[in-house]
Structures are given as C-alpha cells and as structure tokens.
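Residue numbers (our numbering), protein chains in the order written: chain D, 1 to 131; chain Z, 1 to 415.
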C-alpha cells in the first residue's frame, strides 16, 4: 500500500526556518538526506519532491473566457505543503513509524522538531483521478 | 542485459550508429517519423539480443535490416488498411526496399537529422528529447530517466515533436549553406541546453541517471567533425569542456554546492582544460568572435588561474564587455557586473546591477538577488546581504541552490 507523507507549515513556519542558525540548518539538511537514503535502502521509497517557497505560490481559477486568474494572497493560517515522500509499505503502522522518524528531523538547537507529518493513503487503480 | 560486461560497449556502438541507421532508413522511405520509430525498435532489439548473441559482425547492416523489416511491416499494415477501403495495387512493390540500402551511407545524414530535430517550430524541451533520441541514439526510457519524468510522458513528447516536424514539411536533405547559417544557432542552443541540464542536475548520487553533460559533449564533438570549419561549434565544444572540467570540485562531500572561488582547483580535469583551450585558441586565431567562443574564453580565464587570487578579472570584464555587444542579455549584464565588482570594487558592481531592476526578463530571478547579496556582503552591509540571500533562497528552483543561499544567510546572521 502506498502512503504519502506530507510536510506542511504556515508562512510563519517557513520564515522561522529561514532564520535558523547555520549549524541547525545544516543538521536538518543532513538528516533529510540520510532519511531519503534510509527509505531507498529499505526498499520502500517511491518518490519525493521539495516544493518552492510559499511566496512563489499562486491560486489559480479560470476566468470567464477560461483564461487563468491568479491570486497570491493567502490567509496567514494557511498550511503550505513544503515537500512530500511517497512510500510503499505493508501497513499503515509502518507508514506511521516512518512518518514519526521524519517528524524527528532536528530543529533549532539540534532538538527533534516533532513537526506534524500528514499521512494519507495513496489510492491504487488508475492515476488519472477518474473517480 | 544479463551480461554486464557488454553494457558499455554495446551502448556506445548503438549510440554512434543510431543516426547513420536512421539517416539511411529515412532517406529510403522518405518518412522520418516512421523511420525513427523503426530504428528505435531495432535499437531495443539489439539491446536485448546482442548481449546474449554477441555484437554482429556488421552491426550497422544488422540495425538497418531490422529497422527496414519494421518499416515494411508498418507499410504493409498501412496498405492493408487502405486496401480494405480502396483497392491499392503494386504500392508494396514500389516501396519494397532492397537491402542495398546499406551502401548509401552518407555522413551528412547525421547533420540533416540534427537540423531536423532542432527545428525552430519545436519547443526547446521537444527539440532536446527528439535530438537525444534520433541523433543521440538514446532510448525513450533513458531520456525519460535523465529528465525524471515517466517514460510514457517522454514517449508522448517525442511523438508530438515528430508530428510537428512532419507538419512543417521540411524535406530530408541538407539545408543550403544559407539556411544552415541561419539555423545553426538553434542547433547549438539545443546542444548547450542538453549540457546545462546535465550540468545543473549532476549534483547528487544520480548514478543511475544518464549523464546528459557527457552526452552533450559527445554530440557536439560529432557535430564538430561534421562542420570542422565552424568556429562557433568549436567554441561551444570548448565551453562545455572548460565548464565540465570543474565538475568534481563543484560539490562537497554532503553534495553541497561549492562556488567557483571556494573550489579545490587540484580536482579540476586538466585534460579537459587543455583540450578546451586548444580548441578555443584555434577558433579565435581565425579572428571570429561569437557567443560561445567568448563564453569559452571566460571559462578558460577562470580555468587558467591555479589559485582564485590569480584570476585575471580585468580580462574577464573585458570579455563580458565584448559579449554584451555580441549577444546582449540581462544574464550577461549580471555577470559583467560581477567582473566589474572584482576589478573596481563591490560598489561599482552594485551600481551596474541597478540597470537590471527595470528589466522584466530578470525580474524575480534569484540570481540577481544572489549576486546583490554577495556584493553587499563584500561591502560590509551584512543586513542587506542577509535580506537578499534570503530572497534569493525563496526564489531559486533548485534545492542545492536554496540550501547554499540559506547557509550564506545563516552564516552572516550568526556572525
């Protein structure tokens, strides 16, 4: 069964992240690299992507003529996806265990940040969302 | 591919032969698009059969034969389809290729293909994909893997590209000298884009991924053999070699980016540097100065400095001034400002950057903020430097770049 592990944060979380010390930042990057490697070596890795900064995000709707109307104004409370991993595991328990490991990524002062990771099953069948 | 020892050589043989085979088949059947599919099938057949049965004595003839059989199957099924609708006779006869096809090998075929694949009607990503397949002899799976997209996506991109080429009605023949001059820049641009894509993504342990930078160098080398007197082709090859030479030094043990001024220059590839300089010297001695030659010359000045302090910045600044005249672009202005800052101090650089604030082509591009940050740091204005490093970090689309820029901001903030 595939699961997606999503790392999200508010704009203020991203801004905080940009102000971490050099050591904290480097420890976090090293952790993330090691984590991806672990996933690959244990045979559960499917894919991972990191996303652009929230300031680069746009909300798009189709206008009357179908042309895109973009809006970059988001409520302060909005959660932005920072990045995700998709893993293929035997059980939801295994997915939660891996998510907990991701949640332990070091934060300021090198202590586990315990940030929330949203875990959701990835549906099987067809990938075209032909629901 | 059961037997690993054949992996390298077979791939190389196939990649070298692919455009020749495609040229012969496309010429015979006057159908580039179907010929391209047939050759791809022949290549895949070779990939599965040769490792077991050994490389045939005449691999080119083997590939042409298999591709022609595929073409014939295709033609027959087309005719059968049409015969069900109307009566078509003797067409199969007239289209049946004799196997003498092998004799009409033409070294210009590869050049024809190159011009065809880098057609101006194609978007850069389509031209790149088509060039890698038709001229580079890569499989769709390899190309998809190199660009990290699903194979089906790449197959569709290539198929659409071929439809565009077909619709443009360009005949399978060498462009006239005049057309060639006009269309060569598009060809060189595609080759350079393949190189840049490979160079930018060569960070990290993507050992499974095809090395696009090396592939671009190989294709450019072949192009130079086909157009030995063209100085811009030589300039492009030199630029690629002089840039690629720094590959081993540009990332650290944790795959972090290492900028030019912090690189361990003993890791630079001396053989690539000398070859690049030799090519460049030969091209420049003929008195022509083009876009790629100038960029290669700048790369050469960097490569020739054994220590960063020995870099001949006045020379680099002068070369950027020339480049601004030959091929003006905001990126050139930006790089010129960096060189000017090295010669006349960071204040001069910052002053030159102001001209770019109103240039919409660079608005919001992370490089402008990254360079500004660097110059503010040099001038001692750490607050402004941190601000611009952070803006640049939020704008870049590359994770290693972002990590680098965030580290710079954090380093200054921690001081």
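Just so it is clear, CB atoms sit at the ideal spot from N, CA and C, and this is done for glycine as well.
These numbers were taken from a predicted model, which means no experiment stands behind them.
{"Asked": "How many whole angstroms separate the CB atoms of residue 416(Z) and residue 386(Z), which I take to be in contact at a CB cut-off of 8 Å?", "Found": "Residue numbering for chain Z in the displayed model covers 1 to 415; residue 416(Z) lies beyond these limits and cannot be assessed."}
{"Asked": "Which residues of chain Z have a Cβ atom closer than 7 Å to the Cβ of residue 21(D), listed in chain order?", "Found": "410 and 414"}
{"Asked": "Report buried or exposed for residue 397(Z), applying the criterion of at least 16 other Cβ atoms within 10 angstroms of its Cβ.", "Found": "exposed"}
{"Asked": "Between residue 30(Z) and residue 288(Z), what straight-line distance do the alpha-carbon atoms span, to the nearest angstrom?", "Found": "38 Å"}
{"Asked": "Just the Cα atoms here: how many angstroms apart are residue 133(Z) and residue 278(Z)?", "Found": "30 Å"}
{"Asked": "What are the residues that DSSP puts in a beta bridge with residue 47(D)?", "Found": "86(D)"}
{"Asked": "Roughly how many angstroms separate the alpha carbons of residue 162(Z) and residue 139(Z), rounded to a whole number?", "Found": "15 Å"}
{"Asked": "I want to see whether chain D comes within less than 8 Å of residue 395(Z), judged by CB atoms only; does it?", "Found": "yes"}
{"Asked": "What did DSSP end up calling residue 121(Z) once you bin it into helix, strand or coil?", "Found": "coil"}
{"Asked": "If distances are taken between C-alpha atoms only, which option among 219(Z), 84(Z) and 171(Z) comes closest to residue 18(Z)?", "Found": "219(Z)"}
{"Asked": "Between residue 151(D) and chain Z, is there a C-beta pair that is closer than 8 Å?", "Found": "A query on residue 151(D) cannot be resolved here, the shown segment of chain D reaching from 1 to 131 and no further."}
{"Asked": "Check each candidate in 319(Z), 73(Z), 33(Z) and 302(Z) and name the one with the smallest Cα separation from residue 155(Z).", "Found": "33(Z)"}
{"Asked": "In angstroms with no decimal places, state the Cα-to-Cα distance between residue 377(Z) and residue 117(D).", "Found": "37 Å"}
{"Asked": "Would you say residue 18(D) lies against chain Z (beta-carbon separation less than 8 Å)?", "Found": "yes"}
{"Asked": "Which residues share a DSSP beta bridge with residue 62(D)?", "Found": "68(D)"}
{"Asked": "Over what stretch of residues does the alpha helix (DSSP H) that includes residue 101(D) continue unbroken?", "Found": "92-103"}
{"Asked": "Listed in chain order, which residues of the stretch 216-234 of chain Z have Cβ atoms closer than 8 Å to some Cβ of chain D?", "Found": "none"}
{"Asked": "Under 7 Å between beta-carbons, which chain D residues line up against residue 335(Z)? List them in chain order, please.", "Found": "Simply none; closest approach about 24 Å."}
{"Asked": "May I ask you to report which of helix, strand or coil DSSP gives residue 139(Z)?", "Found": "coil"}
{"Asked": "Keeping to the same chain, check which residues put their C-beta closer than 8 Å to that of residue 62(D); ignore five residues upstream and five downstream.", "Found": "68 and 69"}
{"Asked": "Alpha carbon to alpha carbon, how far is residue 62(Z) from residue 15(Z)? Give it in angstroms, no decimals.", "Found": "14 Å"}
{"Asked": "Can you tell me the Cα-Cα spacing of residue 29(D) and residue 120(D), whole angstroms?", "Found": "24 Å"}
{"Asked": "Using only the alpha-carbon positions, how far apart do residue 114(D) and residue 9(D) sit?", "Found": "12 Å"}
{"Asked": "Are the stretch 261-277 of chain Z and the stretch 241-251 of chain Z in contact at 8 Å, needing three or more beta carbon pairs?", "Found": "yes"}
{"Asked": "Determine whether the Cβ of residue 390(Z) lies closer than 8 Å to any Cβ atom of chain D.", "Found": "yes"}
{"Asked": "Looking at the secondary structure, which residues open and close the beta strand (DSSP E) in which residue 7(D) lies?", "Found": "2-9"}
{"Asked": "What do you get for residue 123(Z), buried or exposed, if any count of 16 or more other CB atoms within 10 angstroms of its CB means buried?", "Found": "exposed"}
{"Asked": "Taking only beta-carbon positions, decide if residue 407(Z) is within less than 8 Å of chain D.", "Found": "yes"}
{"Asked": "Please confirm whether residue 200(Z) has its beta-carbon closer than 8 Å to some beta-carbon of chain D.", "Found": "no"}
{"Asked": "Have a look at the DSSP bridge pairing and note the partners of residue 257(Z).", "Found": "251(Z)"}
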